[in-house]
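Protein chains in written order, with this note's numbering: chain A, 1 to 289; chain B, 1 to 267; chain C, 1 to 286.
C-beta: ideal position from N, C-alpha, C; glycine also.
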Amino acid sequence: MFFFFYVYNKGVPAMSAVEVKNLTFSYDGQTNAVEDVGFSVEKGTYCTIVGRNGSGKSTAAKLIAGLLDKKSGTILIDGIAMERENLLEIRRKIGIVFQNPDNQFIGSTVRDDIAFGLENHCVPQAEMDGIIEHFAAEVGMTSYLESEPSRLSGGQKQRVAIAGVLAMAPEILIFDEATSMLDPQGKDRIKQVIRTLHEDRSLTILSITHDIEEVSMSDQVVLLDKGKLVMSDTPEAVFSSEDRIRKTGLDIPFSMKLAKELKRYGVRLDETLRIEGAVEELCRLRSTK
Amino acid sequence: MGNFVLGKYIPLNSPVHRLDPRAKIIAMLAFLIAVFIPAGWIGYAVLFVIAAGTILLSRLSFGFIWKSMKPMIVMMIFLFLMNCLMIRTGEVLVTLGKFSVYTGAVAQTLYIVVRLLLMIMITTCLTATTKPLDMTLGIEDLLMPASKIGVPAHEIAMLISIALRFIPDLIEETMRIMKAQESRGVDMKEGRFSEKIAAILSLIVPLFVSAFQRADDLANAMEARGYAPGEKRTRYKVLHMRAADWLTVVGANAVLAGVIVLARILP
Amino acid sequence: MPIAFDKVSHIYSAGTPYEFKALDDVDLEFSEGKMTAVIGQTGSGKSTLVQHLNALLLPSSGTVRVMDREITAGTAPKGLKKLRGEVGLIFQFPEYQLFEETVLKDVSFGPKNFGVSEEEAQKRAKEALRLCGLDEQYDERSPLELSGGQKRRAAIAGILAMDPQVLVLDEPTAGLDPRGTEEMMKLFRTLNTKRGKTVIIVTHDMEQVFVYCDEVVVMADGKAAAHMSARDFFADSSICRSMNILPPAIIRTCDALREAGFDIPKEINTTSALAKCIARQVKRHG
Chain A
1 MFFFFYVYNK
11 GVPAMSAVEV
21 KNLTFSYDGQ
31 TNAVEDVGFS
41 VEKGTYCTIV
51 GRNGSGKSTA
61 AKLIAGLLDK
71 KSGTILIDGI
81 AMERENLLEI
91 RRKIGIVFQN
101 PDNQFIGSTV
111 RDDIAFGLEN
121 HCVPQAEMDG
131 IIEHFAAEVG
141 MTSYLESEPS
151 RLSGGQKQRV
161 AIAGVLAMAP
171 EILIFDEATS
181 MLDPQGKDRI
191 KQVIRTLHED
201 RSLTILSITH
211 DIEEVSMSDQ
221 VVLLDKGKLV
231 MSDTPEAVFS
241 SEDRIRKTGL
251 DIPFSMKLAK
261 ELKRYGVRLD
271 ETLRIEGAVE
281 ELCRLRSTK
Chain B
1 MGNFVLGKYI
11 PLNSPVHRLD
21 PRAKIIAMLA
31 FLIAVFIPAG
41 WIGYAVLFVI
51 AAGTILLSRL
61 SFGFIWKSMK
71 PMIVMMIFLF
81 LMNCLMIRTG
91 EVLVTLGKFS
101 VYTGAVAQTL
111 YIVVRLLLMI
121 MITTCLTATT
131 KPLDMTLGIE
141 DLLMPASKIG
151 VPAHEIAMLI
161 SIALRFIPDL
171 IEETMRIMKA
181 QESRGVDMKE
191 GRFSEKIAAI
201 LSLIVPLFVS
211 AFQRADDLAN
221 AMEARGYAPG
231 EKRTRYKVLH
241 MRAADWLTVV
251 GANAVLAGVI
261 VLARILP
Chain C
1 MPIAFDKVSH
11 IYSAGTPYEF
21 KALDDVDLEF
31 SEGKMTAVIG
41 QTGSGKSTLV
51 QHLNALLLPS
61 SGTVRVMDRE
71 ITAGTAPKGL
81 KKLRGEVGLI
91 FQFPEYQLFE
101 ETVLKDVSFG
111 PKNFGVSEEE
121 AQKRAKEALR
131 LCGLDEQYDE
141 RSPLELSGGQ
151 KRRAAIAGIL
161 AMDPQVLVLD
171 EPTAGLDPRG
181 TEEMMKLFRT
191 LNTKRGKTVI
201 IVTHDMEQVF
211 VYCDEVVVMA
221 DGKAAAHMSA
231 RDFFADSSIC
241 RSMNILPPAI
251 IRTCDALREA
261 GFDIPKEINT
271 TSALAKCIAR
281 QVKRHG
């Protein structure tokens with residue numbers, strides 16, 4: 001019996017949350033929006049997907065969420081292949097929050113909107129209020145439960161969208177430029193909510209973003225350009241070549257720009273992703289030299 | 001836009017507001033049928049008293065009902081004129097040149113006006129006291145038996161509630177596009193005919209593009225949250241019929257029956 | 001001619017329960033030929049303010065002076081059309097205003113509305129499109145076929161083709177990638193410095209304000225809470241922080257370094273100057 005378990009465990013390697021191989025997709029049948037893309041994201045990873053407008057990021061996200069049919073290639077979610085017959089099972093594992101706060105608010109109040117997904121999953125009516133209130137509290141929207149969308153800010157609507165997705169107990173959360181239409185306050189709040197979700201629940205996060213700060217805080221960066229994968233690695237590695245970053249339309253964190261300038265004056269920094277880290281290191285350098 | 005009150009929900013706390021939407025819809029239908037039964041002036045008097053009573057119970061002001069009626073006045077005047085020209089029964093009331101107005105025309109018009117008045121009174125009572133969402137829930141429940149013969153009751157209700165949800169957004173969007181085009185020199189009010197066509201196109205095309213974009217986003221959002229048309233799903237909002245609701249249904253149907261009897265015994 | 005607000009208030013839905021005072025007694029003068037940023041939190045009145053600049057909104061009280069015109073509550077709409085050609089206003093997400101069959105037609109729509117001949121309008125449209133980085137191959141395409149970023153460029157070209165003297169932009173780079181944002185901002189700066197256009201830009205992005213703008217107007221609760229040069233605004237982070245605004249990265253870094261005991265002079269405003277200053281201090285200790 002024990003032996004059997006041992007063999008069983010050994011035979012199945014730790015499954016990635018998301019594994020994409022040779023993924024290709026085309027909207028018009030002529031040009032490929034996503035071409036031969038492959039990467040994998042381990043469970044519990046905070047992964048950012050970056051690239052220029054039109055680089056295929058959102059298309060890739062929709063393919064992974066099962067909202068578009070791939071042309072070729074494979075997508076494995078938690079080891080399950082994305083095929084028509086598995087679609088419902090896979091969708092239950094994935095929650096996705098979109099860019100436009102208005103266009104994903106389905107209910108007429110916050111309460112109804114969070115309930116929408118529960119209704120689809122046939123959750124018994126008696127259990128709904130408890131679930132709704134729990135997740136509204138998790139994103140700080142308890143006092144707005146009866147509010148209509150027209151009375152909420154973009155950031156508040158996005159928090160409702162997150163609560164609505166969380167209520168369906170997904171393992172992987174996709175954010176498709178979820179903060180790009182928000183003001184700085186709204187952005188910060190959403191980023192904070194995502195961070196907390198990642199840390200407290202060890203959810204796998206796939207976030208499509210242009211936010212350099214968010215990218216530098218993530219565990220893994222998938223860089224796309226013109227529908228093709230450029231690289232999938234740590235933020236340090238991805239940011240290491242400024243030429244590549246410039247070519248793919250991104251920017252590098254300010255601390256890295258500073259480190260590059262410092263190098264010209266003979267000062268070398270190791271920690272360059274965050275300002276705080278760079279300042280600490282400069283302090284050490286000053287006292288030891 | 002702000003002055004248009006027909007069909008608008010007025011959030012108040014009244015016994016009528018608290019009624020089950022299904023009871024209200026059935027009662028309204030019974031009342032509407034009763035309005036079309038020719039039970040003479042006595043019948044209309046009874047119905048008027050009931051409608052006025054309902055308005056009082058709903059705590060709606062008569063000023064509000066009057067406002068809902070306003071858009072209908074032009075139509076009523078038009079009807080009156082048409083009737084005066086067409087109907088030649090009864091005695092001649094006045095003669096204006098070639099035309100004569102008969103008593104029959106006046107009576108006929110009054111009937112129509114009274115019917116319209118009663119219909120507006122009672123439908124306003126329904127729409128002003130029932131949240132749009134509750135209304136769709138009520139319609140969905142009432143259509144449920146029909147879903148056995150293939151009427152997509154749930155889909156119809158979903159359609160209505162989403163339409164209601166996006167009306168304010170689309171109005172806002174229209175204003176925004178209008179302003180953007182005005183900034184490009186479009187004059188929505190004045191200008192030659194060809195300019196007006198261009199002005200309208202510059203509003204309609206972007207509005208359509210954005211509505212399609214919205215529809216696409218919305219479909220994705222619904223699908224991603226597990227919605228599949230025709231699939232079984234539970235419902236968060238469940239309606240409960242209470243004593244007052246049954247009373248309303250029974251009462252409304254009793255009135256209908258009464259009016260039918262009245263119509264029979266009238267000469 | 002300067003653009004001036006004199007005791008301007010704007011009230012939405014006056015006399016209803018939804019009454020809202022978006023502008024409250026605003027006194028403000030935008031400097032001609034400068035690039036001015038209008039910043040402030042959502043709901044502070046930024047958008048309402050800029051919509052007064054081409055008279056899309058009229059003041060509820062007070063006077064707006066733009067291009068020799070005085071706009072008050074009672075201003076007749078007659079003379080306003082010409083003003084809209086002189087003050088080009090670009091809304092947030094302007095890609096939604098595209099409607100013609102081809103990009104070229106759409107961009108020449110604006111100038112034609114202001115009485116420019118077909119030929120001249122096309123010429124201007126082509127020039128505006130090139131400025132915005134869309135070459136000939138896009139002229140005859142349908143605007144609907146363009147990518148999001150290209151649509152944005154075409155929409156902005158549609159306003160530039162009107163050749164306005166004042167350019168008003170409401171968050172023109174929202175949703176663009178960093179490179180697209182940089183290209184856009186550089187374009188606006190060039191129009192400002194090389195062609196003498198007055199540029200007024202509503203933005204949340206302090207990095208943009210820091211790098212590209214001459215002056216800053218801060219809106220708060222419907223009032224112009226501050227109006228100063230960008231240099232003074234970013235002299236240290238205290239103004240930003242008092243207004244709950246995240247200062248640009250370089251200012252934050254300078255602050256953190258000062259706190260750690262580094263001596264960073266206030267004049268420093270480029271990365272290389274900062275690096276030089278730090279390097280000197282790190283090495284002095286060696």
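Partner residues on chain A for residue 168(B), Cβ-Cβ distance less than 9 angstroms: Walking along the second sequence from the start, residue 168(B) turns up at place 168. Within 9 angstroms Cβ-Cβ: 148, 149 and 150.
Please classify residue 44(B) as buried or exposed, where buried requires at least 16 neighbouring CB atoms within 10 angstroms. Taking the second sequence and counting its residues from 1, one reaches residue 44(B) at position 44. Buried is the call here.
With respect to the beta strand (DSSP E) encompassing residue 198(A), which residues constitute its N-terminal and C-terminal limits? On the first sequence, position 198 is the one that residue 198(A) refers to. Counting along the chain, residue 198(A) falls outside any beta strand (DSSP E), though it belongs to the alpha helix (DSSP H) covering 184 to 201.
Note down the Cα distance separating residue 261(C) from residue 22(C), rounded to an integer number of angstroms. As a first step, residue 261(C) must be located in the third sequence, where it is residue number 261. As a first step, residue 22(C) must be located in the third sequence, where it is residue number 22. Approximately 44 angstroms, taken between the alpha carbons.
Are the beta-carbon atoms of residue 54(C) and residue 8(C) separated by less than 7 angstroms? Position 54 of the third sequence, counted from the start, is the residue given in the question as residue 54(C). Position 8 of the third sequence, counted from the start, is the residue given in the question as residue 8(C). Going by C-beta atoms, residue 54(C) is not nearer than 7 angstroms to residue 8(C).
Out of 46(C), 259(C) and 233(C), point me to the one whose CA is closest to residue 248(C)'s CA. Numbered from 1 along the third sequence, position 248 holds the residue referred to as residue 248(C). Here the closest residue by C-alpha is 233(C).
Give the secondary structure of residue 204(A) by DSSP, where H, G and I count as helix, E and B as strand, and everything else as coil. As a working mapping, residue 204(A) is identified with position 204 in the first sequence. Three-state result, residue 204(A): strand.
Nearest candidate by alpha-carbon position, reference residue 177(B), set 200(B), 167(B) and 195(B): Along the second sequence, one-based indexing puts residue 177(B) at 177. The option with the nearest alpha carbon to residue 177(B) is 200(B).
Contacts of residue 188(C) in chain B (Cβ-Cβ under 7 angstroms): Mapped onto the third sequence, residue 188(C) falls at position 188. Ordered by position in chain B, no residue passes the 7 angstroms Cβ test against residue 188(C), which lies about 17 angstroms from the chain.
Is it true that the region 117 to 128 of chain A meets the region 66 to 86 of chain A, where meeting means three or more beta-carbon pairs spaced less than 8 angstroms apart? no
Buried/exposed call for residue 3(B), threshold 16 Cβ in 10 Å: Position 3 of the second sequence, counting from 1, holds the residue named residue 3(B). Because the pLDDT of residue 3(B) is 49, which lies under 50, any placement of that residue in the model is unreliable, and the number read from its coordinates should be weighed accordingly. Exposed.
When you compare the CB of residue 150(C) with every CB in chain B, is at least one pair closer than 7 angstroms? For the purposes of this step, residue 150(C) is taken as residue 150 along the third sequence, with counting starting at 1. No - not a single Cβ of chain B is within 7 angstroms of the one on residue 150(C).
is_contact[residue 35(A), chain C] using C-beta, thresh 7 angstroms: Indexing the first sequence from 1 puts residue 35(A) at position 35. For residue 35(A), the answer is no, since every Cβ of chain C falls outside 7 angstroms of its Cβ.
Nearest neighbour of residue 226(B), chosen from 87(A), 41(A) and 33(A) [CA to CA]: Taking the first residue of the second sequence as 1, we reach residue 226(B) at position 226. Among 87(A), 41(A) and 33(A), the Cα nearest to that of residue 226(B) belongs to 87(A).
Looking at chain B, is there any beta carbon in it that lies within less than 7 angstroms of the beta carbon of residue 97(C)? On the third sequence, residue 97(C) is found 97 positions in, with the first residue counted as 1. Output row for residue 97(C): interface = yes.
Can you tell me which residues form a DSSP beta bridge with residue 10(C)? In the third sequence, the residue the question calls residue 10(C) occupies position 10. 23(C).
Can you list, in chain order, the residues of its chain with a C-beta nearer than 8 angstroms to that of residue 255(B)? Leave out the 5 residues immediately preceding and following it. Taking the first residue of the second sequence as position 1, residue 255(B) is located at position 255. Excluding positions up to five away in sequence, the list reads 30, 31, 34, 46, 47 and 50.
Between residue 125(A) and chain B, is there a C-beta pair that is closer than 7 angstroms? For the purposes of this step, residue 125(A) is taken as residue 125 along the first sequence, with counting starting at 1. So, interface residue.
When we look at the beta-carbon of residue 17(C) and count the other beta-carbons within 10 Å, is it buried (16 or more) or exposed? Indexing the third sequence from 1 puts residue 17(C) at position 17. Answer is exposed; the Cβ neighbour count stays below 16.
Segment limits, alpha helix (DSSP H) that includes residue 65(B): Translated into the one-based positions of the second sequence, residue 65(B) becomes position 65. Where residue 65(B) is concerned, the enclosing alpha helix (DSSP H) stretches over 62 to 86.
Using the beta-carbon count (16 or more within 10 Å), is residue 159(C) buried or exposed? Counting from 1 along the third sequence, the entry for residue 159(C) is found at position 159. Classification for residue 159(C): buried.
Looking at residue 102(C): is its Cβ nearer than 7 angstroms to the Cβ of residue 140(C)? Position 102 of the third sequence holds residue 102(C). Position 140 of the third sequence holds residue 140(C). Going by C-beta atoms, residue 102(C) is nearer than 7 angstroms to residue 140(C).
Measure the Cβ-Cβ separation of residue 221(A) and residue 48(A) and say whether it is below 7 angstroms. If you number the first sequence from 1, residue 221(A) lands on position 221. If you number the first sequence from 1, residue 48(A) lands on position 48. For residue 221(A) and residue 48(A), yes; Cβs fall inside 7 angstroms.
Let me make sure I understand the geometry here. Which of 85(C), 89(C) and 42(C) has the alpha-carbon closest to that of residue 115(C)? Here residue 115(C) refers to the residue found at position 115 when the third sequence is read from its first residue. For the residues 85(C), 89(C) and 42(C), the minimum Cα distance to residue 115(C) belongs to 85(C).
With DSSP run on the structure shown, which of helix, strand or coil describes residue 132(C)? Taking the first residue of the third sequence as position 1, residue 132(C) is located at position 132. Of the three classes helix, strand and coil, the one that applies to residue 132(C) here is coil, per DSSP.
Evaluate residue 11(B) with the Cβ neighbour count: other Cβ atoms within 10 Å of its Cβ, from every protein chain shown; 16 or more gives buried, anything less gives exposed. Translated into the one-based positions of the second sequence, residue 11(B) becomes position 11. The residue is exposed, with fewer than 16 neighbouring Cβ atoms inside 10 Å.
Beta bridge counterpart(s) of residue 95(A) as assigned by DSSP: Translated into positions along the first sequence, residue 95(A) becomes position 95. Per DSSP, 173(A).
Distance between residue 131(C) and residue 164(C) (C-alpha atoms, nearest Å): Taking the first residue of the third sequence as position 1, residue 164(C) is located at position 164. Taking the first residue of the third sequence as position 1, residue 131(C) is located at position 131. Their Cα atoms are separated by approximately 15 angstroms.
DSSP state of residue 243(C), grouped into three classes? Taking the first residue of the third sequence as 1, we reach residue 243(C) at position 243. Residue 243(C): coil per DSSP, three-state reduction.
Buried versus exposed call for residue 197(B) [16 or more other C-beta atoms within 10 Å across all chains shown]: For the purposes of this step, residue 197(B) is identified with residue 197 of the second sequence, where counting begins at 1. Answer is exposed; the Cβ neighbour count stays below 16.
Helix, strand or coil for residue 2(A) per DSSP? By one-based count along the first sequence, residue 2(A) stands at place 2. Bear in mind that the predicted position of residue 2(A) carries a pLDDT of just 46, short of 50, making it unreliable; the figure below should be weighed with that in mind. Here residue 2(A) sits in helix by DSSP.
Leaving out five residues before and five after residue 151(B) in sequence, what residues of the same chain have Cβ atoms less than 8 angstroms from its Cβ? Taking the second sequence and counting its residues from 1, the one referred to as residue 151(B) is at position 151. 143.
State buried or exposed for residue 34(A), treating a residue as buried only when at least 16 other CB atoms are found within 10 Å of its CB. Translated into positions along the first sequence, residue 34(A) becomes position 34. The residue is buried, with at least 16 neighbouring Cβ atoms inside 10 Å.
Whose CA, out of 160(A), 187(A), 31(A) and 202(A), lies closest to the CA of residue 44(A)? Within the first sequence, the letter at position 44 stands for residue 44(A). Per the Cα distances, 202(A).
Residue 278(A) (DSSP reduced to helix, strand or coil): Locating residue 278(A) in the first sequence gives position 278, counting from the first residue. Helix at residue 278(A).
Rounded to the nearest angstrom, what separates residue 272(A) and residue 217(B) at their Cα positions? Reading the first sequence from its first residue, position 272 is the one you call residue 272(A). Reading the second sequence from its first residue, position 217 is the one you call residue 217(B). When rounded, the distance between both Cα atoms is 38 angstroms.
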